[in-house]
Amino acid sequence: ETGVTQSPTHLIKTRGQQVTLRCSSQSGHNTVSWYQQALGQGPQFIFQYYREEENGRGNFPPRFSGLQFPNYSSELNVNALELDDSALYLCASSLRHYNEQFFGPGTRLTVL
Amino acid sequence: SQQGEEDPQALSIQEGENATMNCSYKTSINNLQWYRQNSGRGLVHLILIRSNEREKHSGRLRVTLDTSKKSSSLLITASRAADTASYFCATEGSGNTPLVFGKGTRLSVIA
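First to last, the sequence lines map onto chains D and G.
Residue numbers for the first sequence follow the numbering used here, so the first one is 1103 and each next one is one higher.
Residue numbers for the second sequence follow the numbering used here, so the first one is 48 and each next one is one higher.
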């Protein structure tokens, strides 16, 4: 078990709604990355935050946005939910950038 | 898009046997990492091998990297039922680019 926690564990939303997912990073880690994992696929990089600034973004539309707080915890916000947003959302913390990532257990989002 | 391609997609072996999984990638890398995922939960980091390294060991795990062929392999020796999981390779590209994961290999170890 890593020290990374995510909430909620599961979430069901309807198309068009908005959702906020939360992540607490491992103690001492200043970098948080978010990934989307569709069923049967590998995780896909959404974006990364380093010391409260966005530090890289994958191929996701602007309705995916995030925040990192002074204690290095982070939020992922998704607006105007679509059916294809149904996935496991994973956050990972690290000491720097893309070295060893410590993953949380994930939030399973279902969009109906 | 996914750079790493694991092979095979699924592997079923008996307890005690060795399991070998392969990963191919397309562009220059800083490092390549292997992760394990149990039943759609969070990923666990197994091992990181840098682009200037050729082989690395950690317990029952052995990873090789061939940058000329853009490929890596993960060997799990003396497998156990608890090794049943999905295994992913992930590459960090040159220039501090984000990790790119493959689709994974599903390993089943039968007791």
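Just so you know, even glycine gets a beta-carbon here, dropped at the ideal spot from N, CA and C.
Only a predicted model underlies this, so the values are computations on that prediction, with no experimental measurement involved.
> How about S1126/D and S1167/D: do their beta carbons lie closer than 8 Å?
Replying inline: no
> Quick one: complete beta strand (DSSP E) runs, 3+ long, within the stretch 1125 to 1201 of chain D?
Replying inline: 1133 to 1139, 1146 to 1152, 1155 to 1159, 1166 to 1170, 1176 to 1180 and 1189 to 1196
> If you draw a straight line from the alpha carbon of E52/G to that of N65/G, how long is it in whole angstroms?
Replying inline: 21 Å
>> Here's a check: name, in chain order, each residue in its chain whose Cβ is nearer than 8 Å to the Cβ of S48/G, leaving out the five neighbours to either side.
In response: Low per-residue confidence applies at S48/G: pLDDT is 47, beneath 50, and the placement is therefore not dependable, though the value from the model is reported in the following sentence. The answer, listed in chain order, is V147.
> What is the rounded straight-line gap between the Cα of P1145/D and the Cα of L1190/D?
Replying inline: 9 Å
> Using the beta-carbon count (16 or more within 10 Å), is T74/G buried or exposed?
Replying inline: exposed
>> Which residues does DSSP list as the beta-bridge partners of Y134/G?
In response: R83/G and T152/G
> Name the residues in the stretch 1143 to 1157 of chain D whose C-beta lies less than 8 Å from a C-beta of chain G; which are they?
Replying inline: Q1143, G1144, P1145, Q1146, F1147 and Q1150
>> For R107/G and R1198/D, what's the separation of their Cα atoms in angstroms?
In response: 27 Å
> If you compare alpha carbons, which of Q80/G, G63/G and Q61/G is closest to G140/G?
Replying inline: Q80/G
> So what does DSSP say about A128/G, is it helix, strand or coil?
Replying inline: helix
>> Does I1114/D pass the burial test, meaning 16 or more other C-beta atoms within 10 Å, or should it be called exposed?
In response: exposed
> Between Q84/G and the rest of its own chain, which residues show a CB-CB distance below 7 Å, the 5 nearest in sequence each way excluded?
Replying inline: L90, A132, S133 and F135
> How big is the Cα-Cα spacing for N1157/D and P1164/D?
Replying inline: 15 Å
> In its own chain, which residues sit with a C-beta less than 7 Å from the C-beta of H92/G, not counting the 5 before and 5 after it?
Replying inline: Q80 and Y82
> Three-state secondary structure (DSSP) at E102/G?
Replying inline: strand
> Quick one, which residues of the stretch 76 to 93 of chain G are near chain D if we go by CB-CB under 9 Å, in chain order?
Replying inline: N77, N78, Q80, Y82, Q84, G87, R88, G89, L90, V91 and H92
>> Distance check for T1116/D and K117/G, CA to CA, integer angstroms please.
In response: 43 Å
> What does F1204/D touch in chain G if you count any residue whose Cβ is under 8 Å from its own?
Replying inline: H92
>> Just to make sure I have the definition right: I need the residues of chain G whose C-beta is within less than 8 Å of the C-beta of P1207/D. Which are they?
In response: R88 and G89
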